[in-house]
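Residue numbers (our numbering): 120 to 329. Inspection log for the structure reproduced underneath, given as structure tokens.
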Ligand SMILES: C[S@@+](CC[C@H](N)C(=O)[O-])C[C@H]1O[C@@H](n2cnc3c(N)ncnc32)[C@H](O)[C@@H]1O
């Protein structure tokens with residue numbers, strides 16, 4: 120799927136930092152072994168996450184939707200040694216790739232993957248997070264927004280991917296577009312957050328809990 124003008128996308132990506140060798144190997148393995156690699160958030164969103172983690176000094180990070188581990192690895196690489204990243208994935212098929220990379224010795228005690236339905240797991244999680252990356256089933260985005268808010272510390276950051284859904288949110292007809300648009304409206308009306316929606320790739324919202 121082309122999310123933005125192809126030439127602009129190529130240009131902006133070429134001026135964004137390259138992934139590490141390890142992340143490049145994960146990318147290759149994802150392309151070789153998996154269909155739907157366009158689910159992967161990609162260099163610009165991945166690097167945005169890395170920068171946010173570093174600039175905010177996030178030590179406890181939650182990711183909802185691992186897929187093959189691209190965004191998890193991008194963030195974990197720049198987290199401090201005593202940091203903790205928990206990533207949740209429903210579909211065991213993707214562990215074929217994610218396990219190879221997320222279980223690397225370098226990330227022992229830093230990355231924890233939980234397999235299961237995030238809608239059931241997140242409410243049971245203890246403690247607050249400095250940063251949450253939401254990138255799972257779009258139909259449930261309104262529910263996830265409420266859940267994530269409860270798990271964020273004050274001043275914490277929530278990053279949400281695919282908030283433009285290929286532009287369909289402008290005139291939402293299908294259920295996913297309607298759900299994403301509903302969440303976008305909830306965020307706009309929420310007095311407890313300060314947010315920016317960026318037209319990066321398929322749209323990214325970054326918000327801070329006041
Ligand atoms: C867009 S992909 C994630 C991409 C990943 N964050 C990245 O950038 O590489 C969304 C993932 O969410 C997973 N997912 C969907 N519904 C879920 C649920 N209820 N709980 C946990 N994971 C779910 C899907 O199986 C899929 O792997």
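The beta-carbon is built from N, C-alpha and C at its ideal position, and this holds for glycine as well. Given the structure is predicted, the values throughout are model-derived calculations rather than measurements.
Annotation for residue 154 indicates a beta carbon at 6 Å or more from all heavy atoms of ligand 1.
If you compare the alpha carbons of 246, 324, 287, 162 with that of residue 181, the shortest gap goes to 246. Straight across, the Cα-Cα distance linking residue 256 with residue 235 is about 13 Å.
Annotation: the continuous alpha helix (DSSP H) that includes residue 131 extends over 125-133.
A distance below 7 Å separates the beta carbons of residue 275 and residue 249.
Comparing alpha carbon positions, the residue from 201, 199, 191 closest to residue 160 is 191. With respect to residue 279, residue 253 sits close: the two C-beta atoms are nearer than 7 Å. Checking the DSSP bridge columns, you'll see residue 280 partnered with 323. With respect to the C-alpha of residue 299, the residue from 135, 124, 259 having the closest C-alpha is 259. Closest option to residue 309, judged by alpha-carbon separation, among 327, 317, 297: 327. Excluding residues up to 5 positions away in sequence, 257, 258, 284 lie with their Cβ nearer than 7 Å to the Cβ of residue 295 in the same chain.
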